[in-house]
Amino acid sequence: MSTRLTTGGRLVDRSSDIRFTFNGKTFRGHEGDTLASALLANDQMLVGRSFKYHRPRGMVASGAEEPNALVNLGRDNRHEPNQRATTTELFNGLQATSQNHWPSLDYDIGALNGLFGRFLTAGFYYKMFIHPRPFWKHLYEPFIRQSAGLGRAPDPETRDPDTYEHFHAFVDVVVIGGGVAGLQAAKAAADSGAKVLVLEQTAHWGGRAPVDGGSIDGMTPGDWVNRTVEALEGMENVTLRTRSMGAGVYDHGYLLGYERLTDHAPFMKGPRHRLWRIRAKQIVTATGAIERPLSFAGNDIPGVMLASAMRDYLVNYGVVAGQKTVVVTNNDDAYRTAIALKQAGVQVPAVIDARQMGGGALMEEAKSLGIRVETGRAIAKVKGGKRVTGVAICAMAGGGAMLEEIKCDAVAMSGGWSPVVHLWSHCGGKLTWDEERAFFRPDPERAPTSHDGLPFVTVTGSANGEMDLKSVLEGADRAGKTASKAAGGKPRRFAPPKGESAEEAPLRPVWLMPENAWDDLRMKSWLDYQNDVKVSDVQLAAREGYESVEHTKRYTTLGMATDQGKLSNINGLATLSASLGEEIPQVGTTTFRPPYTPISMGAIAGEARGEIFQPIRKTPMHAWHEKHGAAWEPVGHWRRPYCYPQQGESKHDAVHREVLATRESLGLLDASTLGKIIVKGPDAGRFLDMLYTNMMSTLKPGRCRYGLMCTENGFLTDDGVVARIDEDTFLCHTTTGGADRIHAHMEEWLQTEWWDWKVYTANVTEQFAQVAVVGPNARKLLEKLGGMDVGKDMLPFMAWADGTLAGFPVRVYRISFSGELSYEIAVPANLGRAFWDRVVEAGKEWNITPYGTEALHVMRAEKGFIMIGDETDGTVIPQDLGLHWAISKKKEDYLGKRAQTRNHMADPNRWQLVGLETVDGSVLPDGAYAVAPGKNANGQRNTQGRVTSTYHSPTLGKGIAMGLVHNGPDRMGEIIPFIKDDGETVVDARIVSPVFFDPEGEKQNV
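Numbering follows numbering that gives the first Met the number 0, in which position 153 of the sequence shown is assigned residue number 152; successive positions increment by one, without gaps.
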């Protein structure tokens, strides 16, 4: 039975008494326990069931690599599934339940699947669920959906009561991992003056060293760790964070960190989790190594555990997994577990060593304690069901013929160690196979590189394949100094600490035990504990032609569980390589992707929930609009006035009034939401020439030019007016909904394709309020405000000028989206409301009328101006809209140019923009299709066009529309039928010019 010893446990406070429940049963633990150690202390060996066969599962590891001990934590609005018992710190009142069973953990009807294991091999679902076809929808799919998933999802009606936050940090060096390697690397970097951040995913510093023993500078590792942490805490340039995981490494020194702030104390105030967004000049990963299991029959029975995990539970928590523990190994490290157990008073019936000659000094020490050592031997199979009862011993070189049965209640296994290379690999770091020690380790010649082509990630400690204290500390000191130097520091010439640990004999790579195991043993030798992937499954995949490791992974689900193959990957790769008759390096590895371990959805969302999930963006004049009865329209994240209905007035009537008032006298529009992006630098003109279809580099300072922007696929994505501020500076206006997207589009091309161009961009949309003064009396109003000459000669159409109006600093653009005399006036955002109020007051003389987005749309449609999102839908190119004049014939290239020469794009039969007027003067339905004779291959009516924009024009007193029609410009005056929403009613419309109002442009040029 598993129990807690009367002594030992360096991390637990035995004076404290913590009560918690598991599956409704109350247990006791101590402060410092994990849920896993507390369950083992109470002899709760069975903690879950596997995914496919529902086999009994117990703890196999002691950290984040644990695949079995996944539990539901909490209840009601604090319920959370799939939490690892091995990383869950115990607290008073903790409630946990096991997963993936019915009706109970001890008696799970799903275990019947094991009886059909011979038929439920790798890929059985691909072969079984395709016949007969009707079964999929009515039988297979409902069954699979019912069976899929682990744990129970939280009730969708509940709301998470906890809070989460994001935190941004900028440092010289980040060290990931707080073991002795990470601490020494941090100390070496900090001594050089570098600003250092250290992240340690557990609650304690020191990693494995305090458990595994040895000495550092004549001290125990634990004492050295305490002294070093104290020194680091006293340095102002060092930040230390425990319970913080390095989740992912990305380009340009960007790192995600995940900090668990109150998981261990849920009644503490403050955020529960914090997502760190870190920019570092250099990253040092000291993430350690993970012990590998051995593949032998029954290696999944509760009580079979990694030797290092068993040592962790003993030394850290004073807990043992059994009273009689057999140790099986292919390396010397497992002897440390045998020695520790023996010295703690636990029986160790035997150490089973697969190596014919056994181990080195540690083996001799074990023998001196009276521990029996059997070399050249293997475990044929573990006996037991819900817990270990014994092991059958056989020759390693045989097929599994039992030589002896040893009674025991626990098995400690060790198949060697695998460096944790995930973070190194996230950003392109390559690996090399270490044949002698049988693991992949980082290849320093192929490190992740930054924008300058230089490495920005360094690996140290056992994560770099350094497995003894001496080399760990020397390598860590070197890594810290290298990182600080690369970050601009001057490393100090201090000698590294001196580490001493027992010398170890070489391991023997063992991927199957015994090496010629019979078929029935291979069918019970597990690689992936959570997904029930066996050695025989990988061998079957190889026989069926799945030679790529990525294909084998998906065919067998090896490494696809919530632990992402931390324990299973290397054993699975080796099994595949043996089956294919290839060397392991030739088979390769699967892809490591962030995050290293799961991150809560709350941490990802941060504070973006409830009202601020998608914050409403407001212009400086928002309160004025609200006070004056604006009917709101969502535009991107903004709320813009749709119209301003007066008392007793419908929205339709309000729009009618606003259009006529603007056309006849004076209108006022809040245009602050339009995107404003500064593009600056010696290469700014060259850059904009590539982004826009027309030439921007020839634009003179003080002038504006309308431009179109396409995607690399040639489709129109945005439009707007570009103003040239000076020789190196442009201001690009975008659509309201496109500002953030276009800014990101610019940055993507600058950072990935034209990274050497000297260009800087800044999104200043919210730094300025912008007011459109529109109508025949617009100039009179500005002249009344006074301060600058806005006459036709001083400020012609498509020009801009800086100055003052009514004492406000302004930039005035002489542009028009309505076809009227129009000025758009930009003022600093903090002056926006005051300027608006002043304009409203001054405009009363001309019955100034604020108008909303719908009046804006009506007036632009009357003028035939396109609207992104109406006339475009992601499939429209500028040529479809008759905008050939906005495409430069002088430029060699722009984004989308080559795409627009493809056959489909240059097809003369593409639908093209025209104006539409109904014969009866009515308004066409938005999106209505124009039908053509005949039907297509699907039996649907043929179409020849569709409506893109449609309005009632108050100016013209009739319905007008714009649309895309087959050969439209060549069919002027032709009447074509459109179908209403009911699919039956026909409305006839005449094809006309899309410019309905003032086709000569006289009103805007006045």
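The C-beta atom is built at its ideal place from N, Cα and C for all residues, glycine as well.
Among the options, the one whose alpha carbon lies nearest that of residue i
| i | options | result |
| --- | --- | --- |
| V458 | A478, M466, H450, F439 | A478 |
| V548 | N530, S578, L520, Y528 | S578 |
| P993 | K366, S664, G967 | G967 |
| F50 | L111, A168, A193 | L111 |
| A409 | K385, V420, G427 | K385 |
| S15 | I405, G31, V390 | G31 |
| L667 | V70, Q145, A841 | A841 |
| E999 | M689, V985, E861 | E861 |
| V197 | G178, G212, D211, S214 | G178 |
| T942 | N935, A936, V930, K934 | V930 |
| L104 | A68, H137, P66, L45 | L45 |
| A560 | E229, T596, I603, F115 | T596 |
The alpha helix (DSSP H) enclosing residue i, as first and last residue numbers
| i | result |
| --- | --- |
| H425 | 421 to 425 |
| P496 | Counting along the chain, P496 falls outside any alpha helix (DSSP H), and DSSP gives it neither H nor E. |
| N908 | Here N908 belongs to no alpha helix (DSSP H), and DSSP marks it neither H nor E. |
| D652 | 650 to 663 |
| L313 | 306 to 316 |
Straight-line gap, residue i to residue j (C-alpha atoms, nearest Å)
| i | j | result |
| --- | --- | --- |
| T556 | G247 | 23 Å |
| G398 | T431 | 32 Å |
| G369 | Y334 | 13 Å |
| D331 | V471 | 18 Å |
| G526 | A121 | Gly is not the amino acid found at residue 526; the sequence shown has Leu there. Answer to the nearest angstrom: the Cα atoms are 13 Å apart. |
| E156 | G206 | 41 Å |
| D311 | T336 | 9 Å |
| T764 | G674 | 5 Å |
| Q766 | P827 | 6 Å |
| M793 | F864 | 26 Å |
| D352 | H263 | 39 Å |
| T6 | G317 | 6 Å |
| W799 | G818 | 17 Å |
| H624 | A630 | 9 Å |
| A971 | R909 | Ala is not the amino acid found at residue 971; the sequence shown has Met there. In a straight line, the C-alpha of M971 is about 16 Å away from that of R909. |
| F714 | R940 | 27 Å |
| S696 | R685 | 6 Å |
| P153 | I17 | 26 Å |
| N515 | F295 | 11 Å |
| E403 | R291 | 25 Å |
| N76 | L34 | 21 Å |
| K552 | H100 | 25 Å |
Span of the beta strand (DSSP E), counted from its first residue to its last, around residue i
| i | result |
| --- | --- |
| I724 | 715 to 725 |
| L72 | 69 to 72 |
| P209 | No beta strand (DSSP E) holds P209; the alpha helix (DSSP H) holding it covers 208 to 211. |
| N762 | 759 to 762 |
| F169 | 163 to 175 |
Per-residue DSSP class, three states only, for residue i
| i | result |
| --- | --- |
| P681 | coil |
| Q342 | helix |
| M244 | strand |
| R778 | helix |
| Q322 | coil |
| N225 | helix |
| K565 | coil |
| S578 | helix |
| A337 | helix |
| S413 | strand |
| G842 | helix |
| E571 | Per the sequence presented here, residue 571 reads as Gly, with Glu not at that position. G571: helix per DSSP, three-state reduction. |
| G831 | helix |
| R897 | coil |
| L737 | Looking at the sequence shown, residue 737 is not Leu but Gly. Three-state result, G737: helix. |
| I824 | strand |
Check: residue i C-beta below 6 Å from any heavy atom of the ligand SAH
| i | result |
| --- | --- |
| G609 | With respect to small molecules bound, the structure shown includes none, and the ligand SAH cannot be examined in it. |
Exercise. Does the region 299 to 309 touch the region 59 to 66, meaning 3 or more C-beta pairs lie closer than 8 Å?
Worked result: yes
Exercise. Are three or more beta carbon pairs between the region 18 to 26 and the region 272 to 284 nearer than 8 Å?
Worked result: no
For this session: Indicate whether the contact test is met: 3 or more Cβ pairs, each with one atom in the region 940 to 949 and one in the region 898 to 906, closer than 8 Å.
Result: no
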